[in-house]
Every structure is written in C-alpha cells, then in structure tokens.
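The numbering used here runs 23 ahead of the 1-based position in the sequence shown.
Even for Gly, the Cβ is constructed at its ideal location relative to N, Cα and C.
Bear in mind that the values here come from a model prediction, so they are computed numbers and not experimental data.
For reference, the structure discussed in these notes is given below.
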Amino acid sequence: MAFSFRGRSINKVGVIGSGQIGPDIALHFVKVLHGFDASVVVVDIALDALEKGKSKLFKKIDKGGQTGAFKPDEVEGMKNHVLFTSDYNKLKGVDLVVEAATEDLPLKKRIFRQVEELVSKDTILTSNSSHLEPERIFDELKLKGRSLCTHYFFPAERNPAIEIIPGKDTNRETTEFMMRFYEKIGKIPIKVGSRYGYAVDPVFEGLLLACVQCVDAGLGDTKQIDYVASKALGLTVGPFTAHNLTGGNPITAHGLSEMHESLNAWFRVPDRLKQLLESKSDWVVPGRGEKIEVSSEQEKQISEELMGAYFAIVCDMLDAEIITTSDFDLLISVALDMKPPFSFMNSVGVKKAFELVENFANKYPPMPVSKKLKEQAASGNPWEILDVLFEKQGDVGIISIRRPKALNALNSKVFKELNTYCDVIRNDSGIKAAVITGFGNKAFVAGADIKEMAGLTDPTQGEHFARIGQIASAELEKLGKPVVAALNGFALGGGCELAMCCTARVAPKGMKFFAGQPEVNLGLIPGMGGTQRLPRLVGFARASEMIRTAKPISSTQALQFGLINEEVEGDVLERAIALAQDIAHGRLTPKPMEMGPVPNSPDELPDVDIGHLSRAIDALAVRAILEGGKMTLEDGLKNEARLFGQCWTTEDNRIGLKNFIEKGAKSKAEFVHR
Ligand code: DAK
C-alpha cells in the first residue's frame with residue numbers, strides 16, 4: 024500500500040548526502056513512510072560518510088525502541104526500509120529526491136545533472152539548502168517545474184519546521200503537493216519566496232552579527248551578550264552558544280558574506296568571527312548554570328539593540344514580500360524556538376518597535392528601515408497575525424485553523440477570525456460551499472483553549488465565553504451555504520462541537536482515538552452546543568455516555584453512530600471539497616439537524632459509570648441534555664450556556680482546569696463533587 028494522495032504515490036524517496044543532516048532527513052521519512060511499505064535510499068559517494076550516517080540513524084532508531092517511542096516491529100520495519108549506498112543507480116524509481124549535500128552550488132548542480140538522467144520525468148527534485156535560491160541550483164535541469172528547495176531545521180527528524188522555497192520555474196502543482204505532503208507527514212511547511220537565505224537564516228545569522236556588534240560597541244563580553252540575548256529574545260540558548268553547539272560558525276560566515284551582496288550591506292562577516300574561524304576556536308559562552316552579572320542599564324541597552332536588529336531584519340523580509348507576518352511568526356517560533364517577531368513587536372508596541380529599528384539603522388547603516396513597519400507604526404494598529412487561514416479553490420472556500428502548538432485549540436482570537444471568514448463566504452457569490460479543517464495530521468481541533476478558559480473567574484464570564492463560542496459556531500450553521508468539516512485528526516470538545524455545526528463531516532479511515540466530549544475531565548460541561556447537537560445526531564443514550572464519561576470514540580464508531588458521514592481512505596480535505604460541491608450543486612442532501620424539540624426525547628438517561636468524575640458537574644450535564652431535548656435547538660443552546668456558566672460556581676471546575684494546566688491532559692483530577 025503506497026503513500027498516495029493528490030494523484031501521486033510516494034513509494035520510494037532518495038536522500039542524497041549522508042553528512043550532517045541527510046541521515047536525520049532519511050530517519051523522518053522512514054519513520055512516517057515505512058508503514059506504507061515505502062523505502063528510503065541514502066546515497067553518498069564517500070563510504071565513511073555512509074557508514075557514519077547509517078550508524079547514526081540506526082542508533083536513533085534503537086534508542087526510540089528502548090524508550091518505547093517505537094514498537095519492536097516498527098524498529099525492524101524502519102531498518103528494513105532504509106538503504107545506505109554509494110550506487111547512484113539505486114535512485115532509479117524514486118518518486119522524490121531530497122538532496123542534502125554540502126552547501127556548495129557547483130556540487131549541487133553536478134548532482135542534479137546526474138540525478139535527472141536516472142529518475143523519471145515525474146520525480147520531484149528538491150534541494151535541502153539553507154541559503155541558495157532554487158533558480159541557481161536547478162538552472163540546468165531540463166524539467167525545472169518539478170524542482171524546489173527545502174530547508175529543514177536541526178534536528179531534522181524532530182523539528183517540525185520546514186521552509187519550502189519554489190523558484191520562478193517551479194510549477195504550482197509541485198509546490199502545492201509538497202506543502203500538503205509535508206503537512207501530512209507531520210511537518211509544519213511554510214512557503215517562502217526565493218531570496219538568498221530564505222526567511223530564517225538572515226535572522227539566525229544576522230542576530231549573531233548583531234551580538235558581535237554589541238561586543239564591539241563595548242556593551243558587554245560574549246558571555247553577557249549571549250545571556251541577555253537569550254533572555255530578551257526568548258531563546259533557550261543565546262546566539263553564541265547556539266553557534267558553538269551546531270557548528271554553525273563557518274556557514275554563518277559564508278552566509279553573512281553572501282547576504283552582504285544579495286540582501287544589504289549591513290550584513291558582513293565581523294572580524295571576531297573571522298578570527299574565531301582562523302583559530303578554529305569556539306565563542307566564550309556561559310557554562311551550564313553559570314551566573315552572569317549584568318547591570319540593568321547594560322541589559323536594557325543590549326536588549327534594545329538586539330530587538331532593533333531582529334525587527335529590522337524581519338521587516339525587511341516583509342518589504343521583500345517573501346513571507347507573511349502569520350507564517351513568519353509560526354516559522355520562527357517552531358524552527359528557532361524564539362519569540363515570534365510580529366507578536367513580539369505587538370507586545371512592545373509597533374511604534375516602539377519602529378523607534379528601535381530607526382535607532383539601530385542610524386547606528387549601523389546601511390540597515391534599511393522597513394516601509395511596511397513605518398506604515399504599520401503610523402497606523403497605530405498592531406500587526407495582524409492570523410491563526411485561521413482562508414483560500415478559495417474553485418467555488419469552495421477553505422477555512423483552516425492553524426495553531427499546531429496547541430493542536431488547533433479554539434481561543435477567542437480563532438472565534439473572531441472564523442466569524443470574519445464566515446462573512447467573506449456569505450458575501451462572495453462565487454463561493455457556493457465551504458470546508459473547515461485543521462492544520463496538520465494530528466488534530467482537527469483538540470477543544471477550546473483550556474489555558475484561556477482557565478483564566479475565566481466567575482459564572483458571568485463563563486456564560487459570556489460560551490455565548491461567543493456558540494455565536495461563532497452558529498455562524499457556520501446558518502451560513503446558507505453547505506459547510507463540510509474535513510476532520511483531519513482529533514475532534515475533541517469544542518472541535519467536535521464545531522464539526523457538528525457543519526452540514527456534513529468526513530474523517531480519515533481507521534482512527535482509533537478520534538472524537539469525544541472530554542469536558543467533564545476539566546470540571547466543565549460542553550459549552551458550544553455539544554449537549555444539544557450530539558443527542559440530535561447520535562441519540563440520547565450514546566450522547567449521554569460520551570458526554571458524561573468523557574470517553575472518546577473511533578472514526579468507525581463515529582460513522583456507525585451517525586456523527587460523521589464518511590470515513591475516507593485518501594485525503595480528507597480533497598474528499599470534503601468534493602462533498603461540499605456535491606451538496607452545493609444538489610447532487611446530495613445530507614440529513615438536516617433537528618432544529619425543534621426532539622420528538623420523544625427522554626425524561627431520564629440510562630445509568631452510566633462516571634468513575635472518578637465530578638458528580639456536581641455530571642448533574643449539570645444531565646440537565647443540559649434532558650432539558651435541551653424538550654426545547655428548540657436555539658433555546659437548548661441558551662440553556663446550555665447558562666449551565667456552562669454554573670460550572671464556575673463549583674469547586675470541581677477550578678480543580679479540573681488547574682489539573683490540566685499543572686499536570687497535563689493525561690492526569691486525572693481529584694474531584695470533590697461540589
Ligand atoms: N487547549 C490548549 N492547549 C491544548 C489543548 C487544548 N484543548 N489540547 C492540547 N493542548 C496543548 C497541550 O497542552 C500541549 O501543549 P504543550 O504542553 O506542548 O505546551 C500540546 O497541545 C500537545 O498536547 P499533548 O502533549 O497533550 O499531545 P498528546 O498527543 O499527548 O495528546 C490530546 C493529545 C488531544 C489527547 C491531549 O492533548 C488532550 O487530551 N488534550 C485536551 C483535550 C480536551 O480536553 N479538550 C476539551 C477542551 S474543553 C467555548 C467553546 C468550547 C467549549 C467551551 C466553551 N466557548 C468558546 C465559550 C468546550 C470546551 C472544550 O473544548
């Protein structure tokens with residue numbers, strides 16, 4: 024069974040280069056693809072590199088086996104699906120090539136000349152680079168449309184961020200396929216325009232230069248600057264330490280020198296870096312746990328200087344239109360695990376950010392002052408950073424919730440953005456139907472954002488919160504155009520409730536842990552219509568069991584119970600789009616939701632074993648279900664919101680939410696039934 028979607032199958036992947044990153048890239052592929060019987064071939068002409076690469080990859084697989092991350096059959100399966108070889112002919116039959124050789128343009132070009140002769144015309148060719156533009160790497164290819172650059176981040180098998188850089192000749196189908204392919208195999212792909220260094224490296228390398236400038240200006244020594252930089256920019260380790268750990272000094276020196284020519288002349292190789300490379304030494308950095316003394320004035324100066332550099336670099340890229348604010352924030356926070364730049368500017372104030380950039384540019388010409396930053400500061404508005412994306416595909420509007428670090432949980436910002444797109448869909452006569460989905464391969468939506476909800480302190484706030492959520496979800500229900508939920512992963516709590524507001528729902532086939540209403544685990548009842556729509560869809564007995572026990576159901580059960588309309592073998596998004604079009608054009612009419620009181624609704628619910636869960640919260644859930652059955656859906660929702668608010672009068676509500684925040688989703692709260 025091949026890994027197939029969008030009309031393409033990936034049965035075999037070729038990774039070229041068994042150096043620093045190639046084996047890690049291969050490990051990720053073999054991890055996610057071996058279950059589909061797809062194989063990975065790693066090719067390198069250096070036998071010692073092959074040996075080292077193979078041993079590194081196998082060691083990581085074994086370690087995963089020991090820690091329980093991989094089951095014994097997975098360990099075997101992965102090892103059996105990867106081959107390390109010096110024979111380029113083994114690349115024959117690959118569907119995708121990822122070249123991960125050294126950052127050397129003539130070498131990369133030579134490799135692709137050879138590879139193009141070996142692979143089919145449909146094989147996608149990618150070069151993993153941290154800087155080089157696709158136009159330069161692929162300019163000698165006969166078929167350039169199937170080529171693009173990727174940029175993985177350390178460690179490539181675990182860091183989900185990846186820059187996807189199409190060139191001017193890359194065809195749209197190739198780019199779209201690679202974006203969806205990487206998303207499906209668990210990466211967070213971000214599309215970046217073709218420009219030297221792409222989006223991340225001017226930040227990573229530019230900040231090292233800015234740190235050196237701080238040392239040169241006498242603001243502190245490398246230890247002090249490293250310490251303040253990590254604090255100010257929210258980094259786990261400072262730029263000097265990061266360069267020592269990754270062995271990145273030579274690449275950064277090369278990158279800075281090229282950026283001097285290609286981006287702007289502020290980028291340059293500082294003398295201290297040249298000397299360091301000549302003497303083959305490392306930066307002097309704080310030792311583990313070492314206390315670094317810095318005066319508050321010194322800390323302020325260093326922080327402001329580095330923020331000026333950071334904001335100037337990212338806003339220059341905004342001017343160059345290679346990336347959006349939303350994509351940049353997500354990319355930086357995942358790839359480098361540092362403060363996302365545009366949210367960071369919003370938190371200090373965009374006007375203040377502009378002042379910092381102007382000061383920096385005056386001090387270090389010719390750093391440009393971004394036009395977009397100037398305009399934004401003049402507007403008095405914060406940067407717009409979206410967690411919900413929207414695109415049109417033919418006559419279908421596609422809404423995608425993208426908060427991968429919180430499994431696409433719904434917060435008030437997401438609700439606001441959902442409302443905006445509902446208006447867009449309603450008012451665009453060219454849009455006949457909509458699809459709503461979640462980003463990634465794990466979650467559609469893992470519920471309302473529990474961290475935000477835990478900040479609500481009294482019943483009025485709780486009720487208000489519930490009403491906002493209900494309004495946003497009702498917008499989908501009352502859109503007047505069919506909406507299909509492409510449930511690409513978990514649909515829990517608010518996620519399941521959002522899906523139930525749609526005209527139809529589809530999910531991947533065979534998901535064991537798929538949908539549920541786990542709110543009672545948190546000392547809550549469903550607040551976005553779960554107690555009203557779930558009984559209307561699956562019946563009172565099943566709904567009451569799901570709501571009162573918090574137990575999730577599989578996609579197969581969801582289909583049997585009537586919660587979803589189809590289990591899909593292939594790409595759920597593609598299927599949802601087709602289904603939305605069928606409904607919009609009258610080829611199919613799903614059963615509508617009962618909007619009135621439910622005929623023959625019960626007066627009591629069957630007994631269920633609620634185990635350790637709160638009896639106080641259970642009583643509210645039972646009332647919401649039973650009372651709602653006798654009301655119209657609209658009145659039932661109002662009643663649910665009121666009862667949801669009452670959860671905040673219980674001790675168990677605080678216990679449940681606190682338990683999640685402090686101990687995580689898997690820990691059972693110790694409820695007191697009050
Ligand atoms: N909210 C916030 N963060 C969440 C989250 C959520 N619902 N679910 C997961 N996350 C975060 C986790 O905290 C974790 O963050 P870090 O620790 O990495 O910072 C990250 O996502 C990854 O989660 P895990 O490490 O737990 O991932 P696993 O694969 O191990 O487990 C899981 C995945 C989905 C099984 C697990 O995360 C889980 O059980 N999550 C909680 C699911 C849940 O209880 N959902 C129901 C939430 S209550 C309303 C709207 C709706 C509602 C009420 C009002 N209005 C708008 C007013 C309904 C309420 C709910 O939905």
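Asked, Found
"Find the nearest neighbour of Lys691 within the set Val543, Leu232, Phe135 and Phe107, judged by alpha-carbon distance.", "Val543"
"Run through the segment 359-437 for me and flag every whole beta strand (DSSP E) of 3 or more residues, listed as ranges in chain order.", "411-416 and 419-424"
"Mind reading off the beta-carbon distance from Ile721 to Ile648? Whole number of angstroms is fine, and I expect it under 8 angstroms.", "Only positions 24 to 697 of the chain appear in this structure, which leaves residue 721 out of reach."
"What are the boundary residues of the beta strand (DSSP E) that includes Arg218?", "Counting along the chain, Arg218 falls outside any beta strand (DSSP E), and DSSP gives it neither H nor E."
"Would you kindly check if the distance between the Cβ of Thr259 and the Cβ of Asp249 is under 7 angstroms?", "no"
"Suppose you measure from the CA of Lys214 to the CA of Gly42; what does that come to, to the nearest Å?", "25 angstroms"
"Do the CB positions of Ile336 and Ser366 come within less than 7 angstroms of each other?", "no"
"Measuring CB to CB, does Ile39 end up less than 7 angstroms from Val64?", "no"
"Note down, one range per segment and in chain order, each alpha helix (DSSP H) of at least 4 residues found wholly within the segment 606-655.", "638-652"
"Which value, in whole angstroms, describes the spacing of the CA atoms of Gly417 and Gly220?", "34 angstroms"
"Tell me which residue opens and which closes the alpha helix (DSSP H) that Asn267 is part of.", "Pro262 to Thr269"
"Going along the chain, which residues of its own chain have a beta-carbon closer than 6 angstroms to the beta-carbon of Gly37, five neighbours each way excluded?", "Val64, Leu114, Val117 and Val120"
"Whose CA, out of Lys207, Ile208, Glu206 and Leu155, lies closest to the CA of Pro189?", "Leu155"
"Taking Leu231 and Thr275 to be in contact with their CB atoms under 8 angstroms, please state how far apart those CB atoms are, rounded to whole angstroms.", "6 angstroms"
"Out of Leu680, Thr108, Gly492 and Glu206, which one is the CA nearest neighbour of Thr480?", "Leu680"
"Our contact map puts Ala469 next to Phe438 with C-beta atoms below 8 angstroms; I'd like the distance itself, whole angstroms only.", "With 8 angstroms as the limit, Ala469 and Phe438 do not qualify as a contact, their Cβ atoms being about 15 angstroms apart."
"Check each candidate in Leu666, Pro95 and Phe694 and name the one with the smallest Cα separation from Asp675.", "Phe694"
"Using the three-state DSSP reduction, which class does Cys525 fall into: helix, strand or coil?", "coil"
"Please find out if some non-hydrogen atom of the ligand DAK comes closer than 6 angstroms to the beta-carbon of Gly209.", "no"
"Report yes if the CB atom of Pro531 is closer than 7 angstroms to the CB atom of Gln540, and no otherwise.", "no"
"So, Ala376 versus Ala233, is the Cβ gap smaller than 7 angstroms?", "no"
"Measuring CA to CA, which of Glu398, Gly634, Ser109 and Trp671 is closest to Ala69?", "Ser109"
"Figure out for me which residue from Ala603, Pro575 and Lys574 has the closest Cα to the Cα of Asn588.", "Ala603"
"CB of Lys699 to nearest heavy atom of the ligand DAK: below 6 angstroms?", "Lying outside 24 to 697, the shown extent of the chain, residue 699 is not represented and no answer is given."
"Output the boundary residues of the alpha helix (DSSP H) element that contains Thr259.", "Where Thr259 is concerned, there is no enclosing alpha helix (DSSP H), given that its DSSP letter is neither H nor E."
"Quick check: is any heavy atom of the ligand DAK less than 6 angstroms from the C-beta of Ile473?", "yes"
"Do you know offhand how far Val55's Cα is from Asn103's?", "14 angstroms"
"In terms of DSSP beta bridges, what is Val65 paired with?", "Val38 and Phe107"
"Let's see if you can read the secondary structure: which residues bound the alpha helix (DSSP H) around Leu545?", "That residue, Leu545, is in no alpha helix (DSSP H); it is neither H nor E in DSSP."
"Tell me where the alpha helix (DSSP H) around Val138 begins and ends.", "Leu128 to Leu141"
"With DSSP as the reference, please indicate the residues paired to Ser32 in a beta bridge.", "Ser27"
"Once the 5 residues before and after Met361 are set aside, which same chain residues still bring their CB inside 7 angstroms of it?", "Leu256, Gly257, Leu258 and Ile355"
"How many angstroms separate the CA atom of Lys374 from the CA atom of Glu398?", "10 angstroms"
"What does a CB cutoff of less than 7 angstroms around Arg654 pick up in its chain, not counting 5 residues either side in sequence?", "The sequence given here has Met at residue 654, not Arg. So the list reads Pro620 and Asn662, once near-sequence residues are dropped."
"Using only the alpha-carbon positions, how far apart do Phe93 and Gly87 sit?", "5 angstroms"
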